[in-house]
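Residue numbers (the numbering used here), protein chains in the order written: chain A, 2 to 479; chain D, 2 to 479. Idealized CB from N, CA, C, for every residue including glycine. Comments concern the structure below.
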């Protein structure tokens, strides 16, 4: 359904142009919907989204339950938590009319669901036996973005926001849940071969109404960071607002402690951007809509024999559980290679007359490695190649991110570093100094308590004021 | 999370009270959300919803592709098709503000997605080679209902609307797709053991903008019908409005022909209502969140031995692919039976000391049949019992619906029949006569061309005017 297969992708070096064009050429998103900031998922993109969110569900379902709360939040509920509404009031969409009648109470399209969920939690939670409670939902949420919008990254309808909301008996238990959520997000991104940097957002950048916010960022090909997950310790702010109380073991009424954490379709933006190359998408097998494409190399005489062999290979792999496509279209093999490379298929199997004779298939990975797989060990051979493929992706992406992290001890060094990546600097913790960094380098203090292996952690005098500083992550973010 | 397990359900005879109370007691929906017509899916209800929609996806994925279009439709697009907007304008929710700014163009929350999808189809479709196109999405849609709302049946946020939209080269091909969609819906409802009556809606009741509408209804326990699916032949109305054209084989530009068809969460209302009984839900195994619950009957001495055996049975069945729960809670077995019966679990296995001695488990279905299953053929035994369970459900529900269908040849007979079901009458086809039926019996002509096996089809003089009539379905609907 995308336009003709002609022309080529801009080089990935020109990241913004590459990204925008890849999205429609690989049939992930169509940007031509007639409202700014709203996009359409093509079937191929949707299949990728399904697999990504199925991975997410499998992780969450270990100890969370999925539920579903309404989209529309009455203004009266949204206004209950003062900090929270202040944080969102400029970007909420308001429903004011039903048919031709004005509504008595305006309804917000959820920008996030605390104010839809917590009134219900107040009804559901009675006793310490009801805790911990861990629920999540995957829903569309809305932000009236006035900044430049960008598919999967900055949208007005976030079609796939996974938000989890947990309730606990103490501040410490909620803290442990924060750590559990970070571990879960690490596992999720590791499965996608997306390297992450975990840090604690500065106080002025935390979630409105939270005690603190831990963020998960990655470094995009152009060196800018993309926030791809956040975990918030909510303390008892919301439980006091919404009266979420429980009877403790001693029979006393106590306010509960809460956390919430979310990941949006930015996870897909990250994997698309980090792994893709000049020829298109490169997808981790675990989420690729098509994991193996089989291309029959049909030449004159042995056409039927080759076609039958290709179909047979397809059947064997499908029944072994692989997502397979046999491309029988009547176009030349080169056009098929181009088509499936654009769509990021991890492995291509070529079946030609010579392969029949030698009882093997030629396997070519999306990263260009070639290996012959003998017929008799087809399934095992494919599994081995795909396993080493995801390791290669993990290495490549890890090396990319690692190469974009520098240590800076002066502001000019920061300016240089953030032109192509992020940087670690010693910082005293004061907002004034963070503002000075931003003013001089157009980069922000993204976080402290940076969790990153194999990295020097600069401490010592603050890069601005010279007072005692601790390691902070600085970069330009999407 | 539901309130205490005390008290009992109203008898199913008192259907409305039974339905409302069952929804929260079985933890399907919480109706206490602070906006009329919006409801919350509890985790257990959501698990049922997941299974039902996964069944639906499996059927559709055979020859449809899933995609996702935005929720917000600009007023300018919605207004393009005159009949369509007229059909929906009284029940559309309007977004008028983003933050504190009024929007230039008001945005509708989709009541259905023709006007979001078809502008994209106009871009996607170029040639006959692009046809047929069969796409579906599962999304939340909105209706500003002024009538009495009811969970899963009449809502303001339909959280789970599955809508398919297809495009074809000719009116005939679109007609064939209408038949294919009906067959698909039959298969879906047959899997859920929900009997359906298929008929063609009268012209004044068809989808706004359609050539004709085929509806799928069931008969609820109180005798009222519930529309649980519709299939619309759109002709070329929308393709002319949205300029969906293709180049045919002869190189000529042609307007395309379209169909659309949808099923909402009413499918869950139907299965809950038809199968449930005075003790709660009764779920078809294919969608039951828990298919088998294992209750250890632990008595003094052999407690550990019994617990270990119950856990072992759980593991065996889980690895055979069943959705299993071993209920190890420290409450008496009777309370566990009550709890799982309310939640519709098809099969309960009791494991006690005597069962250990006789190397068997006692299986009790949700319909009360008891059978001992020998240890060595556990998996096979469970499968057999569940297979016959769905057949029993199908028989019961089929017998219920069959018993609620009568033939009437006079208006007093209609009045009597529709007090507890539906009726087939000869009708001339005129709106005037349909209005007269409605006025005198408070029941409507639901459809013609009624597809129903094992049923007399009254023809002959119209029940109102005496002119030549054909069989029509008459009933009171939700």
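Considering only beta carbons, the part of the segment 140 to 166 of chain A lying closer than 7 Å to chain D consists of 141, 145, 158 and 160, in chain order. Any Cβ of chain A closer than 8 Å to the Cβ of residue 136 of chain D would place that residue at the interface, and such an atom is present.
The segment 26 to 40 of chain D and the segment 266 to 285 of chain D touch, with no fewer than 3 CB-CB distances between them shorter than 8 Å. By the neighbour-count criterion, in which a residue is buried when 16 or more other Cβ atoms sit within 10 angstroms of its Cβ, residue 378 of chain D is exposed.
Rounded to whole angstroms, the gap between the alpha carbons of residue 407 of chain D and residue 319 of chain D is 46 Å. The count of Cβ pairs closer than 8 Å, one atom from the segment 100 to 120 of chain A and one from the segment 215 to 234 of chain A, stays below three, leaving the stretches out of contact. If you draw a straight line from the Cα of residue 335 of chain A to the Cα of residue 290 of chain D, it comes to about 47 Å. Between the segment 181 to 201 of chain D and the segment 428 to 435 of chain D there are fewer than three C-beta pairs closer than 8 Å, too few to call the two in contact.
In the structure shown, residue 186 of chain A adopts helical secondary structure according to DSSP, grouped into three states. Where residue 116 of chain D is concerned, the enclosing alpha helix (DSSP H) starts and stops at 115 to 125. Burial check for residue 113 of chain D: the Cβ neighbour count within 10 Å reaches 16 or more, so the residue is buried. Contact annotation for residue 209 of chain A against chain D: no contact, minimum CB-CB distance about 15 Å [criterion: below 9 Å]. At a cut-off of 8 Å between beta-carbon atoms, residue 121 of chain A makes contact with chain D. Excluding sequence positions up to five before and after residue 41 of chain A, its CB lies within less than 7 Å of the CB of 30, 31 and 34, all in the same chain and listed in chain order. Taken through DSSP and simplified to helix, strand or coil, residue 387 of chain A comes out as helix. Taking 7 Å as the Cβ-Cβ cut-off, the segment 54 to 87 of chain A approaches chain D at 66, 67, 68, 69, 70, 71, 72, 73, 75 and 78, given in chain order. Inside the segment 225 to 293 of chain D, DSSP marks whole alpha helix (DSSP H) runs of 4 or more residues at positions 238 to 243 and 267 to 276, from first to last along the chain. A distance below 6 Å between beta-carbons, with the five flanking residues on each side excluded, links residue 265 of chain D to the following residues of its chain, in chain order: 159 and 162. In the DSSP annotation of this structure, residue 343 of chain D is not part of any beta strand (DSSP E); the continuous alpha helix (DSSP H) holding it starts and ends at 334 to 343. Below 8 Å, too few C-beta pairs join the segment 322 to 333 of chain D and the segment 89 to 107 of chain D to call them touching: fewer than three. Apart from the 5 residues on each side of it in sequence, residue 414 of chain A has no Cβ closer than 7 Å to any other Cβ in its chain. Under the Cβ distance rule, residue 39 of chain D counts among the residues neighbouring chain A, one pair being separated by less than 8 Å.
Close to chain D, meaning a Cβ-Cβ distance shorter than 9 Å, are the following residues of the segment 95 to 106 of chain A: 95, 96, 97, 98, 99, 100, 101, 102, 104 and 106.
Selection A:364, A:479, A:200 and A:376 evaluated against residue 448 of chain A yields A:200 as nearest (Cα-Cα). Contact between residue 307 of chain A and residue 346 of chain A does not hold, since their C-beta atoms are separated by about 20 Å, which reaches or exceeds 8 Å.
Within 7 Å of the CB of residue 288 of chain A, no CB atom of chain D is found; the nearest one sits about 15 Å away. With respect to residue 418 of chain D, residue 409 of chain D sits close: the two C-beta atoms are nearer than 8 Å. Distance from the Cα of residue 405 of chain A is smallest, within the candidate group A:224, A:88 and A:177, for A:224. Comparing alpha carbon positions, the residue from D:234, D:313 and D:195 closest to residue 275 of chain D is D:195. In terms of Cα proximity to residue 156 of chain A, the closest of A:164, A:100 and A:144 is A:144.
Assigned with DSSP and collapsed to three states, residue 363 of chain D falls in strand.
Collapsing the DSSP output to three states places residue 368 of chain D in coil. For residue 81 of chain D, DSSP assigns no beta-bridge partner whatsoever. CA-to-CA, the gap between residue 384 of chain D and residue 286 of chain D works out to about 10 Å. For residue 356 of chain D, the enclosing alpha helix (DSSP H) begins and ends at 354 to 358. The beta-carbon separation of residue 132 of chain A and residue 166 of chain A, rounded to 13 Å, does not stay under the 8 Å limit for a contact.
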